[in-house]
Amino acid sequence: MFSFLFALFLAFSAENPVCQSRFETAEDLYKSIVLHSDDISVRRQYLKKFGSCISEEGLNIIEEKNIVIVEELDCSNPLGGIEFFFRKKKLCSRSVSFFPSKKVFTVKKKTSAITLPENWRHIETAETTLFYDSTVKFEEMSDTTGEIMTKSEDGIFTNNLGKVIHPEFIYSKGNWEKVFPLRELFYLNVGKNDSFELRIITENRLPYEKKELFELLDIKADSTGEPFFAPSSVRLEGKGLKGIRIPKTEYITDKENDHGTYKISLFYPELQKKEALTLKTENYDLEILFSDGKLEATLTIFAKKLTSEEALNIRAAINREIPAFFVQTAK
3 MFSFLFALFL
13 AFSAENPVCQ
23 SRFETAEDLY
33 KSIVLHSDDI
43 SVRRQYLKKF
53 GSCISEEGLN
63 IIEEKNIVIV
73 EELDCSNPLG
83 GIEFFFRKKK
93 LCSRSVSFFP
103 SKKVFTVKKK
113 TSAITLPENW
123 RHIETAETTL
133 FYDSTVKFEE
143 MSDTTGEIMT
153 KSEDGIFTNN
163 LGKVIHPEFI
173 YSKGNWEKVF
183 PLRELFYLNV
193 GKNDSFELRI
203 ITENRLPYEK
213 KELFELLDIK
223 ADSTGEPFFA
233 PSSVRLEGKG
243 LKGIRIPKTE
253 YITDKENDHG
263 TYKISLFYPE
273 LQKKEALTLK
283 TENYDLEILF
293 SDGKLEATLT
303 IFAKKLTSEE
313 ALNIRAAINR
323 EIPAFFVQTA
333 K
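Per the numbering used here, the sequence shown starts with residue 3, numbered consecutively.
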């Protein structure tokens, strides 16, 4: 009998008029949320008043008076919550976040169930969940902050000031989509007509002097044009390439995040076809393809940050398969 009454109590709690319309009797709290949506004391006030309404495990999204409310009940990994309690002898927590006037936003990805209003949708990366109002038309090529991006042919995203940006999501052709911006590129193409082209895109520092660039990469060639330098990139063309150092892959631990695409593309006759190499995990995808005269390595990182072990495995595979030098054999 107790279990039946307890279940009945939960059902009545969920149907409580206070739970059906959060702000009808909480005007002061509504104003506090509008003015201080990130304030922990405001979030605690909300949970004190409406915490009992959060009775189902998972993420529940509500939209009231132009405020999106993300409520969470977590009994699997509760330590990130705000309000703690025991439920069926398990430690659980409740938490809440507010997004005033937001029609698109992101939160840290959870494995729990998600309940959305009818017009809302979500998409996920390895660590992030994006929520958006499907009835709203967003600006073409905007990110979740509303900033408009430009995408280059190589896959680099820049804002209207020309600064390189690494978004996880972009609104394109009427839909939100996951994107993996190009972060690094080493491209070497040695043609049959004795010409060659070198392109480098990197987040590391590049020398802005021709002499320093040649010393860094041990470039030896019959003739070259002047390198074309741009922020974090360089392009060089020439004739009769005799040798060049192909950079070893390193992993920078103090970088803000790793999410994006990294490429090495080599085209020259000495390259021979062999079996492809593929490494796939939940956090990254590495594929190295070989054919006669061609090698293409593409690393796509889905997570914001790799673990040390993941970085070591990737680096070992790339440095094992990618030649350390291009050397022109005598003809």
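Backbone N, C-alpha and C fix where the C-beta goes; we use that ideal spot for every residue, glycine too. As the structure is a computational prediction, the values presented were derived from the model and not from experiment.
Checklist line | Three-state secondary structure (DSSP) of ALA326 | finding: DSSP places ALA326 in coil when its eight states are reduced to three.
Next item on the list: Tell me whether the beta-carbon of LYS306 lies closer than 8 Å to the beta-carbon of GLU149.
Entry: No, Cβ-Cβ distance for LYS306 and GLU149 is not below 8 Å.
Next item on the list: Report yes if the C-beta distance between LEU132 and ILE125 is below 8 Å; otherwise report no.
Entry: Yes, they are a contact pair.
Notebook entry, point to check: Is the distance from the Cβ of VAL138 to the Cβ of PHE101 below 8 Å?
Noted result: No, the pair does not count as a contact, with Cβ atoms beyond the cut-off.
Check: Tell me which same chain residues have a C-beta within less than 8 Å of the C-beta of GLN47, skipping the five on either side of it?
Finding: LEU31 and SER34, listed in sequence order.
Margin query: Are the CB atoms of ARG207 and TYR264 within a distance shorter than 8 Å?
Written below: Their beta carbons are not under 8 Å apart, which means TYR264 does not touch ARG207 by this criterion.
Next item on the list: Could you check if HIS168 is buried or exposed, using at least 16 other CB atoms within 10 Å of its CB as the buried criterion?
Entry: Residue burial annotation: HIS168 is buried, with at least 16 other C-beta atoms found within 10 angstroms of its C-beta.
Checklist line | Same chain, Cβ closer than 6 Å to GLU199, five either side skipped, listed in chain order | finding: Non-local C-beta neighbours of GLU199 in its own chain, meaning closer than 6 Å and more than five positions away in sequence, comprise ASN191 and GLU239, ordered along the chain.
Notebook entry, point to check: Near LYS153, what residues of its chain come up, given a Cβ to Cβ distance below 6 Å and the 5 sequence neighbours on each side ignored?
Noted result: Cβ neighbours of LYS153 within its own chain (closer than 6 Å, five residues either side excluded): PHE159.
Notebook entry, point to check: Just how far apart, CA to CA, sit LYS104 and TYR173?
Noted result: LYS104 and TYR173: Cα-Cα distance of roughly 15 Å.
Margin query: Please state the DSSP three-state secondary structure of GLY83.
Written below: Coil, per DSSP.
Check: What did DSSP end up calling ASN315 once you bin it into helix, strand or coil?
Finding: Assigned with DSSP and collapsed to three states, ASN315 falls in helix.
Next item on the list: Enumerate in chain order the residues of its own chain whose CB-to-CB distance from ILE320 is below 8 Å, with the five nearest sequence positions on each side excluded.
Entry: Excluding residues within five positions, the ones whose Cβ falls inside 8 Å are THR251, ILE266, LEU288, ILE290, ALA299 and LEU301.
Checklist line | Where GLU74 falls: helix, strand or coil (DSSP) | finding: Looking at GLU74 - three-state DSSP - the assignment turns out to be strand.
Check: For ASN62, which three-state DSSP category applies?
Finding: ASN62 falls in the strand class under three-state DSSP.
Notebook entry, point to check: By Cβ distance below 7 Å, which residues in the same chain neighbour ILE116 in space, the five residues on each side in sequence not counted?
Noted result: The beta carbon of ILE116 sits closer than 7 Å to those of GLY60, LEU61 and HIS124, all from its chain and outside the five residues before and after it, given in chain order.
Item checked: Straight-line Cα distance separating ASN285 from ARG96 -> Whole-angstrom Cα-Cα distance: 28 Å.
Checklist line | Bridge partners - ASP135, DSSP secondary structure assignment | finding: TRP122.
Next item on the list: Look at the Cβ atom of PHE25, then the Cβ atom of LYS67, and state whether they are nearer than 8 Å.
Entry: Note that the C-beta distance between PHE25 and LYS67 is below 8 Å.
Check: Between the C-alpha atoms of GLU179 and GLU258, what's the straight-line distance to the nearest angstrom?
Finding: Those two C-alpha atoms are separated by around 22 Å.
Item checked: Beta-carbon spacing of PRO233, PHE188 below 8 Å -> Contact flag unset, no.
Next item on the list: Give me whichever residues DSSP pairs with ALA223 in a beta bridge.
Entry: LEU243, per the DSSP bridge assignment.
Note to self: Determine whether the beta carbon atoms of CYS55 and CYS77 lie at a separation below 8 Å.
What the structure shows: No. Outside cutoff.
Next item on the list: Mind checking who LEU297 pairs with in its DSSP beta bridge?
Entry: DSSP links LEU297 through a beta bridge to LEU268 and PHE292.
Check: What do you get for ILE202, buried or exposed, if any count of 16 or more other CB atoms within 10 angstroms of its CB means buried?
Finding: Using a 10 angstroms sphere on the CB of ILE202, the tally of other CB atoms reaches 16 or more, which defines it as buried.
Notebook entry, point to check: Helix or strand or just coil, what does DSSP make of ASN177?
Noted result: Correct three-state label for ASN177: strand.
Margin query: Short of 8 Å in beta carbon distance, which residues of its chain neighbour ARG322, apart from the five on each side in sequence? Order them along the chain.
Written below: Beyond the five residues adjoining it in sequence on each side, ARG322 comes within less than 8 Å, by CB distance, of no other residue in the same chain.
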